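Asker: After the structure tokens below, expect a handful of questions from me.
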Amino acid sequence: MTQTAPQFLDEPPRDQALTPYDREHMVLYLRLLDAARDGADWREAVQILFGLDPDLDPQRCRLIHDAHLARAQWMTERGYRELVRQSQRH
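Numbers -14 to 75, taken from this note's numbering, label the letters of the sequence shown in order.
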């Protein structure tokens, strides 16, 4: 069985609130944060996590990687608060 890459936008939403896109891509965000923490090269990360070949379109691939990593970092700084508030209501 082959695994397909998740559907993604070139740039995730920039809302100051958690979006459905963020919820769908939470695992991707975590994996990006892990890769950055481990010092992985962005080219390797974009190939593994997004299923893209950075040699074919390095500019687009870098944009996708960096924009999603920035959103993942936003999640660790602000976005998680919304998750915590919602979990406390249930």
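Even glycine gets a Cβ: it sits at the ideal position worked out from N, Cα and C. Computed from a predicted model, the values in this text were never measured in an experiment.
1. Between Leu34, Asp51, Arg28, which has its C-alpha nearest Leu41's C-alpha?
2. Excluding the 5 residues preceding and the 5 following Trp59 in the sequence, name in chain order all residues of the same chain whose CB lies nearer than 6 Å to its CB.
3. Which complete beta strand (DSSP E) runs does the segment 10 to 47 hold, if anything under 3 residues is left out?
4. According to DSSP, is Glu(-4) part of a helix, a strand, or is it coil?
5. How many angstroms separate the CA atom of Pro39 from the CA atom of Arg74?
6. Taking 8 Å as the CB-CB cut-off, is Pro(-3) touching chain C?
7. For Pro5, is the classification buried or exposed, using 16 other Cβ atoms within 10 angstroms of its Cβ as the cut-off for buried?
8. What would DSSP say about Thr61, mapped onto helix, strand or coil?
Answerer: According to the data block:
1. Arg28
2. none
3. none
4. coil
5. 43 Å
6. Within the model displayed, chain C is absent; a lone protein chain is all it includes.
7. exposed
8. helix
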